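Asker: Once you've had a glance at the structure underneath, I'll fire off some questions.
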Amino acid sequence: MTSPLVTTDWLQENLDNDRLVLIDASMATVIGKEPIVYDQPVWIPGSYKIDLEGTLCDTESPQLHAFPTEDQFTQEVRRLGITPESMVVLYDNQGIYSAPRAWWILRSMGLDNVFVLDGGLPLWLAEGRETVSAPVQEAASSGSLSGRLDRERVRDSAFVYQHLDDEQVSVIDARSRARFLAQAPEPRPGVRGGRIPNSLNLPFTEVLDGYRFKPVSELKTTFNQLAPNLQPGNGHQLVFSCGSGITACIILLAAELAGYDQLSLYDGSWADWGSDESLPVA
Numbered sequence: 001m002t003s004p005l006v007t008t009d010w011l012q013e014n015l016d017n018d019r020l021v022l023i024d025a026s027m028a029t030v031i032g033k034e035p036i037v038y039d040q041p042v043w044i045p046g047s048y049k050i051d052l053e054g055t056l057c058d059t060e061s062p063q064l065h066a067f068p069t070e071d072q073f074t075q076e077v078r079r080l081g082i083t084p085e086s087m088v089v090l091y092d093n094q095g096i097y098s099a100p101r102a103w104w105i106l107r108s109m110g111l112d113n114v115f116v117l118d119g120g121l122p123l124w125l126a127e128g129r130e131t132v133s134a135p136v137q138e139a140a141s142s143g144s145l146s147g148r149l150d151r152e153r154v155r156d157s158a159f160v161y162q163h164l165d166d167e168q169v170s171v172i173d174a175r176s177r178a179r180f181l182a183q184a185p186e187p188r189p190g191v192r193g194g195r196i197p198n199s200l201n202l203p204f205t206e207v208l209d210g211y212r213f214k215p216v217s218e219l220k221t222t223f224n225q226l227a228p229n230l231q232p233g234n235g236h237q238l239v240f241s242c243g244s245g246i247t248a249c250i251i252l253l254a255a256e257l258a259g260y261d262q263l264s265l266y267d268g269s270w271a272d273w274g275s276d277e278s279l280p281v282a
């Protein structure tokens with residue numbers, strides 16, 4: 001498969017595939033959109049559950065929602081039975097929200113065969129497909145994948161600061177326009193309002209159509225209108241940011257769908273930049 005997305009039809013047909021590892025990457029906290037609330041949690045059959053705020057987050061880091069360490073990652077994916085030959089599909093209970101974050105973690109740690117279910121659990125339910133009341137707890141056998149972080153895929157404030165005036169590096173912020181323009185308060189205490197100087201704004205909701213990503217043709221138009229000088233394949237680096245590194249991955253995935261490469265995540269995002277008084281704010 002060449003797309004980082006799979007459809008509900010494809011997943012239905014592959015639920016019994018021995019290589020498939022299906023993972024619910026939902027988060028308890030949803031910021032930036034009205035959350036979908038469930039009376040009772042349900043899962044797609046065969047799903048495992050991962051915790052992006054716990055076992056796949058470096059909780060010893062002062063940074064909010066920090067990328068996991070290589071050891072943390074290795075321990076978790078082996079618990080899930082993931083091997084280099086696995087075909088991992090991620091989804092979340094909001095449609096498209098936190099699954100792209102899990103996708104980028106796995107990609108950045110060295111697993112290429114990883115995909116996001118377009119539409120996630122809400123679309124699966126809307127289509128009347130089967131669900132279960134509990135996730136799978138443990139894999140039948142331990143996995144063998146070892147995480148090796150590609151540091152060019154995950155950036156920090158030092159990198160962003162160093163390239164503020166670099167015409168070959170652009171920061172794209174997934175927060176709402178009101179937060180980007182400091183017209184709405186930040187949801188986290190101690191974080192200044194505003195934006196990274198010279199950054200661009202693409203609210204993550206603008207690449208979605210309901211539960212799903214917009215068609216690729218529309219995503220291409222969106223990015224072209226955002227910055228006509230940013231063309232796929234020209235070596236321009238795109239660094240994606242948001243509040244704390246979650247929804248940035250939605251527009252990062254949208255950029256990949258639109259054909260862009262040289263993509264990376266500012267993992268600390270605005271929670272990191274906005275709380276550091278030594279860093280400039282526009």
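According to the UniProt record's numbering, the sequence shown is numbered sequentially starting from 1. Even glycine gets a Cβ: it sits at the ideal position worked out from N, Cα and C. The structure displayed is predicted, hence computed values, not measured ones.
Can you give me the Cβ contacts of S269 inside the same chain, cut-off strictly under 7 Å, excluding the 5 residues immediately before and after it?
Answerer: Translated into positions along the sequence shown, residue 269 becomes position 269. Hits under 7 Å: S241, C242, G243, S244, G245 and A248.
Asker: So D9 is in the alpha helix (DSSP H); what residue range does that whole segment cover?
Answerer: For the purposes of this step, residue 9 is taken as residue 9 along the sequence shown, with counting starting at 1. Run containing D9: T8 to N14, per the alpha helix (DSSP H) assignment.
Asker: Counting only the same chain and skipping the five closest in sequence on each side, list residues whose C-beta sits under 6 Å from that of Y266.
Answerer: Translated into positions along the sequence shown, residue 266 becomes position 266. Closer than 6 Å at the Cβ level, and outside the excluded window around Y266, lie R155, V160, V239 and S241.
Asker: Which residues in the same chain as A227 place their Cβ atom closer than 7 Å to its Cβ, once the five residues preceding and following it in sequence are excluded?
Answerer: Sequence index remark: in the sequence shown, residue 227 carries index 227 (1-based). If we look at A227 and ignore the five residues flanking it on each side, its Cβ neighbours are S170 and L200.
Asker: Terminal residues of the continuous alpha helix (DSSP H) containing L257?
Answerer: Here residue 257 corresponds to residue number 257 of the sequence shown, with the count starting at 1. Its alpha helix (DSSP H) spans residues A248 to L257.
Asker: Is M1 buried or exposed, if buried means 16 or more other CB atoms sit within 10 Å of its CB?
Answerer: Residue mapping note: residue 1 aligns to position 1 of the sequence shown, counting from 1. M1 is exposed by the Cβ-count criterion.
Asker: On the three-state DSSP scale, how would you describe I172?
Answerer: For the purposes of this step, residue 172 is taken as the residue at position 172 of the sequence shown. Three-state result, I172: strand.
Asker: Taking its Cβ as the centre, do 16 or more other Cβ atoms sit within 10 Å of N93, making it buried, or is it exposed?
Answerer: Counted from its first residue, the sequence shown places residue 93 at position 93. So N93 counts as buried.
Asker: Whole angstroms are fine: how far does the CA of I96 sit from the CA of I44?
Answerer: Locating residue 44 in the sequence shown gives position 44, where the first residue counts as 1. Locating residue 96 in the sequence shown gives position 96, where the first residue counts as 1. Roughly 15 Å between the two C-alpha positions.
Asker: What's the gap between the Cα of G120 and the Cα of L257?
Answerer: Here residue 120 refers to the residue found at position 120 of the sequence shown. Here residue 257 refers to the residue found at position 257 of the sequence shown. If I take the Cα positions, the gap works out to 17 Å.
Asker: Between V42, N234 and L202, which has its C-alpha nearest T222's C-alpha?
Answerer: Here residue 222 corresponds to residue number 222 of the sequence shown, with the count starting at 1. Per the Cα distances, L202.
Asker: Jot down the residue ranges of each uninterrupted alpha helix (DSSP H) in the UniProt domain "Rhodanese" (16-133), minimum 4 residues, whole runs only, in chain order.
Answerer: Entirely contained in the UniProt domain "Rhodanese" (16-133), the alpha helix (DSSP H) runs reaching 4 residues are, in chain order, 70-79, 99-108 and 120-126.
Asker: For L219, does the three-state DSSP call read helix, strand or coil?
Answerer: Stepping through the sequence shown from its first residue, residue 219 is reached at position 219. Of the three classes helix, strand and coil, the one that applies to L219 here is helix, per DSSP.
Asker: For E13 and E127, I'd like the C-alpha separation in whole angstroms.
Answerer: As a first step, residue 13 must be located in the sequence shown, where it is residue number 13. As a first step, residue 127 must be located in the sequence shown, where it is residue number 127. Distance between the alpha carbons of E13 and E127 is about 14 Å.
Asker: Within this structure, are the beta carbons of W10 and L253 separated by less than 8 Å?
Answerer: Looking up residue 10 in the sequence shown gives position 10. Looking up residue 253 in the sequence shown gives position 253. Taking 8 Å as the Cβ cut-off, W10 and L253 do not qualify as a contacting pair.
Asker: Answer yes if the segment 51-59 comes into contact with the segment 123-137, meaning at least three C-beta pairs across the two stretches below 8 Å, and no otherwise.
Answerer: As far as the Cβ criterion goes, the segment 123-137 does not touch the segment 51-59, which means the pair count is below three.
Asker: What are the residues that DSSP puts in a beta bridge with Y266?
Answerer: Here residue 266 refers to the residue found at position 266 of the sequence shown. Answer is R155.
Asker: Kindly indicate which three-state DSSP category D261 falls into: helix, strand or coil?
Answerer: Counted from its first residue, the sequence shown places residue 261 at position 261. D261 falls in the coil class under three-state DSSP.
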